[in-house]
Amino acid sequence: MSLGVCYYPEHWPEAWWEQDARRMREFGIDYVRIGEFAWSRYEPERGKFDWGWLDRAMDVLAKAGLKIVLGTPTCTPPKWLVDANPEMIPVDEQGRPRGFGSRRHYTFSSKAYWEESRRIVEVLSQRYGNHPGLVGWQTDNEYGCHDSILSWSATDLAAFQEWLRRKYQSPEQLNEAWGNAFWSMEVTRFDQVSLPNLAVTETNPAARLDFWRFHSEQVAGYDAMQCAILRANSPGRWITHNFMGFFNDFDHWAVGDNIDLASWDSYPIGFVERFPFTEEEKNRWALTSHPDIAPFHHDLYRGVGHGRFWVMEQQPGPVNWAPWNPVPKPGMVRLWTWEALAHGAEVVSYFRWRQATFAQEQMHAGLNLPGLHEFSQGGREAQTVGAELAALGSLPEPEKTAVAIVYDYESSWITRIQPQGADFHYYELVFRWYEAARRLGLDVDFVRPGASLAGYRLVLVPSLLHVSDAAEKAFAAADGIVFYGPRTGSKTRNYGIPANLPPGPLQPLVKLRVLEVSSLRPGLSLRVAGSVSGEARRWRDLVEAQGADVLARFEDGGPALAVAGRHHYLACWPDEALLRSMLTFACGKAGLATIDLPDCIRLRRRGALHFAFNYGDEVWSVPDAQAATLGAATVPPQGVAILQPSGHMTRS
Ligand code: GLA
Ligand code: GLA
Numbered sequence: 001m002s003l004g005v006c007y008y009p010e011h012w013p014e015a016w017w018e019q020d021a022r023r024m025r026e027f028g029i030d031y032v033r034i035g036e037f038a039w040s041r042y043e044p045e046r047g048k049f050d051w052g053w054l055d056r057a058m059d060v061l062a063k064a065g066l067k068i069v070l071g072t073p074t075c076t077p078p079k080w081l082v083d084a085n086p087e088m089i090p091v092d093e094q095g096r097p098r099g100f101g102s103r104r105h106y107t108f109s110s111k112a113y114w115e116e117s118r119r120i121v122e123v124l125s126q127r128y129g130n131h132p133g134l135v136g137w138q139t140d141n142e143y144g145c146h147d148s149i150l151s152w153s154a155t156d157l158a159a160f161q162e163w164l165r166r167k168y169q170s171p172e173q174l175n176e177a178w179g180n181a182f183w184s185m186e187v188t189r190f191d192q193v194s195l196p197n198l199a200v201t202e203t204n205p206a207a208r209l210d211f212w213r214f215h216s217e218q219v220a221g222y223d224a225m226q227c228a229i230l231r232a233n234s235p236g237r238w239i240t241h242n243f244m245g246f247f248n249d250f251d252h253w254a255v256g257d258n259i260d261l262a263s264w265d266s267y268p269i270g271f272v273e274r275f276p277f278t279e280e281e282k283n284r285w286a287l288t289s290h291p292d293i294a295p296f297h298h299d300l301y302r303g304v305g306h307g308r309f310w311v312m313e314q315q316p317g318p319v320n321w322a323p324w325n326p327v328p329k330p331g332m333v334r335l336w337t338w339e340a341l342a343h344g345a346e347v348v349s350y351f352r353w354r355q356a357t358f359a360q361e362q363m364h365a366g367l368n369l370p371g372l373h374e375f376s377q378g379g380r381e382a383q384t385v386g387a388e389l390a391a392l393g394s395l396p397e398p399e400k401t402a403v404a405i406v407y408d409y410e411s412s413w414i415t416r417i418q419p420q421g422a423d424f425h426y427y428e429l430v431f432r433w434y435e436a437a438r439r440l441g442l443d444v445d446f447v448r449p450g451a452s453l454a455g456y457r458l459v460l461v462p463s464l465l466h467v468s469d470a471a472e473k474a475f476a477a478a479d480g481i482v483f484y485g486p487r488t489g490s491k492t493r494n495y496g497i498p499a500n501l502p503p504g505p506l507q508p509l510v511k512l513r514v515l516e517v518s519s520l521r522p523g524l525s526l527r528v529a530g531s532v533s534g535e536a537r538r539w540r541d542l543v544e545a546q547g548a549d550v551l552a553r554f555e556d557g558g559p560a561l562a563v564a565g566r567h568h569y570l571a572c573w574p575d576e577a578l579l580r581s582m583l584t585f586a587c588g589k590a591g592l593a594t595i596d597l598p599d600c601i602r603l604r605r606r607g608a609l610h611f612a613f614n615y616g617d618e619v620w621s622v623p624d625a626q627a628a629t630l631g632a633a634t635v636p637p638q639g640v641a642i643l644q645p646s647g648h649m650t651r652s
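Positions 1 to 652 (full-length UniProt numbering) are the ones given, in order, by the sequence shown.
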């Protein structure tokens with residue numbers, strides 16, 4: 001449990017390094033991440049290395065007592081490398097090459113780039129793998145940033161055809177799996193398969209899903225290649241990758257299999273602009289962020305990291321990349337830091353030590369003012385947390401929660417390939433279920449489809465388009481109450497409609513069928529009443545109960561919530577009231593206590609400690625009904641309280 005910072009020695013005079021390191025240590029920074037973009041500095045020409053500066057930087061940082069996380073530099077291949085391997089340049093869906101001049105200018109399909117990556121990771125880890133200051137590695141940087149997973153070049157096409165040949169063995173089997181009888185799309189050779197872009201109208205969704213899987217597998221394979229080299233050359237050091245927020249273009253669970261712990265880059269205010277919030281919500285949360293954005297990802301990446309995660313990059317002030325970039329309200333940098341720790345983060349590492357005075361990110365805040373040795377507002381708040389952490393000592397270990405949400409990357413791809421309703425965003429649906437659970441004071445774990453659900457009292461499946469055999473088995477074996485949302489089980493593995501109709505393999509558990517689906521444009525809604533109540537928006541499944549009990553109905557009499565045994569099916573996209581009503585009902589059945597929190601307050605338990613976070617502008621007092629468990633406490637605006645159950649406040 002400690003603090004870290006991202007540092008770029010190559011951006012500052014060498015004479016500053018020692019002072020920087022000392023000032024980091026002075027307020028309790030233990031970890032420093034370096035090197036992830038420095039390739040052109042240590043290999044200015046192929047095979048001609050200049051390690052001197054990095055040797056000295058590593059030594060200065062280690063001597064100051066900092067533990068070093070070294071990034072592999074593969075997210076920024078230098079110019080000479082790209083010029084020598086033009087086939088590595090990615091191409092966007094419109095057929096335009098994405099050239100040199102920023103970063104991530106490579107496609108995962110390039111064999112030449114794999115070779116160059118292998119070579120540089122080998123050389124780098126042989127040189128520094130056993131450096132006494134080195135504690136861990138970060139592979140690459142933010143796989144997928146700037147839309148860089150899918151690529152549509154000739155290199156990609158050749159690799160995709162090869163992947164299909166391995167997967168399907170014969171063109172006949174490919175035709176069968178994709179349904180190529182439709183629109184005369186059959187092929188007789190694998191080299192006739194084209195990229196699923198730039199056609200007259202929609203290309204085959206089964207082809208697109210395979211194209212996405214192909215790219216996602218390449219990311220995991222590329223990462224595994226780097227990890228194997230790092231493990232061989234750098235014994236005793238852990239490996240992570242820094243994932244992003246609200247990003248679903250590859251299967252993060254699969255990359256999680258390669259690494260020892262997950263990390264992610266938390267820019268809570270930037271993400272307010274990225275998420276499909278209403279304008280009203282965007283304004284409400286513009287200066288603090290929405291209180292579930294960072295926690296959603298803490299909980300997701302704790303799952304991806306097998307229980308272990310870091311925040312590798314914590315927003316320290318305004319960023320440069322959102323359409324608007326306000327200064328966070330005073331207190332928020334401290335709040336976000338404590339919030340990450342409350343959710344189980346081992347380390348919160350700020351991006352970046354000092355604001356740059358040059359190049360693309362010169363408008364991005366750091367812990368120090370641009371080019372100076374002088375703390376910014378965010379830097380002063382990080383200092384405060386450093387002092388608080390030192391005073392508090394250790395925190396109890398985070399425990400498994402009572403509530404699990406199943407999170408699935410393929411469901412995101414499937415619904416983006418054929419939304420069927422323009423505003424059916426998978427990740428938004430999951431986020432809303434998460435938000436509703438946390439508004440009721442619940443702690444949440446994210447789990448992978450097919451992982452054991454044993455021990456969870458309540459399992460939430462906001463949607464899971466394709467239910468694999470493993471997922472079906474895990475649901476059947478769940479010992480808690482399970483809630484499935486709309487479109488669950490509506491697709492086969494090959495992007496078809498299940499022979500027994502949705503929810504396909506879940507029919508024996510939920511005892512109903514979906515006969516038709518109806519997407520609802522903004523402004524349309526349907527009232528839902530019964531054991532739960534509220535409104536359906538955006539989406540409605542027309543359901544035929546086949547043994548399930550109907551708990552709530554739409555205004556036209558159709559089943560809205562049905563149950564068989566412990567398995568519940570919600571046949572719509574619920575509005576806030578319906579979600580709250582359903583989750584309250586679910587918690588009642590699961591025997592979980594809830595607390596109705598204001599929209600700006602969240603709680604999180606870490607062992608016996610309760611943390612309370614106030615994103616609002618008014619003091620929040622723990623209600624009398626909860627004082628017995630939470631202790632009497634008040635939490636100031638943009639403030640944090642740490643409460644001991646049935647005791648008093650530890651601090652606020
Ligand atoms: C047109 C085409 C059909 C089909 C429908 C879909 O009418 O002729 O083949 O694509 O649109 O509504
Ligand atoms: C990402 C990247 C960093 C930097 C920040 C800016 O998280 O990993 O290199 O660009 O964004 O917010």
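Positions of the beta carbon are idealized from the N, C-alpha and C atoms, including for glycine.
### Task
Under the assumption that D257 contacts N242 (Cβ atoms under 8 Å), give the Cβ distance between them as a whole number of angstroms.
With 8 Å as the limit, D257 and N242 do not qualify as a contact, their Cβ atoms being about 17 Å apart.
### Task
Report the option in V187, C75, P502, S525 whose CA atom is closest to the CA atom of E142.
C75
### Query
According to DSSP, which residues form a beta bridge with S518?
R540
### Query
Ends of the beta strand (DSSP E) at H215?
Taken as a continuous stretch (DSSP letters only), H215 belongs to no beta strand (DSSP E), being part of the alpha helix (DSSP H) at 205-233.
### Query
Can you tell me whether T357 is buried or exposed, with buried defined as 16 or more other CB within 10 angstroms of its CB?
exposed
#### Entry: H648 classed as buried or exposed, judged by whether at least 16 other C-beta atoms fall within 10 angstroms
Residue confidence is low: H648 scores 48 on pLDDT, short of 50, so the model does not pin down where it sits. Its coordinate-derived value is still stated next. The residue is exposed, with fewer than 16 neighbouring Cβ atoms inside 10 Å.
### Cβ separation of L570 and F483, assumed to be a contact under 8 Å, to the nearest whole Å
6 Å
### Query
Which class does R118 belong to by DSSP, given the choice of helix, strand or coil?
helix
#### Entry: Span of the beta strand (DSSP E) around Q138
134-138
### Task
Figure out for me which residue from V60, V135, P462 has the closest Cα to the Cα of P449.
P462
### Whole-Å CB distance - I414 paired with Y350, under 8 Å assumed
The Cβ separation is near 37 Å, so there is no contact.
### Message
For the segment 522-534 against the segment 556-566, do three or more pairs of beta-carbon atoms, one drawn from each stretch, fall closer than 8 Å, so that the two count as touching?
### Response
yes
### Task
Mind checking which residues open and close the beta strand (DSSP E) that includes P559?
559-564
### Message
Rounding to the nearest angstrom, what Cα-Cα distance links V347 and V187 in this structure?
### Response
52 Å
### Task
Pull up the distance between the alpha-carbon of W310 and that of L261, whole angstroms please.
8 Å
### Message
According to DSSP, is H297 part of a helix, a strand, or is it coil?
### Response
helix
### Message
Looking at ligand 2, does it come within less than 7 Å of residue 670, judged from the CB to the closest heavy atom?
### Response
The structure shown does not extend to residue 670, since the chain is modelled only from 1 through 652, so no value can be given for it.
### Anticipated Cβ contact below 8 Å, G71 with R33, distance rounded
6 Å
### Message
As an exercise, report each continuous beta strand (DSSP E) stretch of at least 3 residues that is fully enclosed by the segment 304-329, in chain order.
### Response
309-314
### Task
Go ahead and pull the three-state DSSP assignment for Y426.
helix
### Task
Please confirm whether any heavy atom of ligand 2 lies closer than 7 Å to the CB of F351.
yes
### Query
Touching or not, the segment 3-12 and the segment 20-31, by the rule of three or more beta carbon pairs under 8 Å?
yes
#### Entry: For L70, three-class secondary structure by DSSP
strand
### Message
With distance defined between alpha-carbon atoms, name the residue in T401, R127, V327 nearest to Y42.
### Response
R127
### Query
Do you know how far the Cα of R46 is from the Cα of A476?
56 Å
### Task
Evaluate contact between the segment 110-130 and the segment 203-217, counting only Cβ atoms and requiring at least three cross-stretch pairs below 8 Å.
no
### Query
In terms of alpha-carbon separation, which member of A294, W324, N85 lies closest to V333?
A294
### Task
Using only alpha-carbon positions, find the residue among I120, A84, I29 that is nearest to M225.
I120
### Message
In this structure, how does DSSP classify V333 when only helix, strand and coil are distinguished?
### Response
helix
### Query
Can you give the Cα-Cα distance for A154 and L198, rounded to whole angstroms?
14 Å
### N283 in three-state terms, based on DSSP
helix
### Query
Between which two residues does the beta strand (DSSP E) harbouring S266 extend?
262-266
### Query
For A612, which three-state DSSP category applies?
strand
### Task
Put T357 into one of helix, strand or coil per three-state DSSP.
coil
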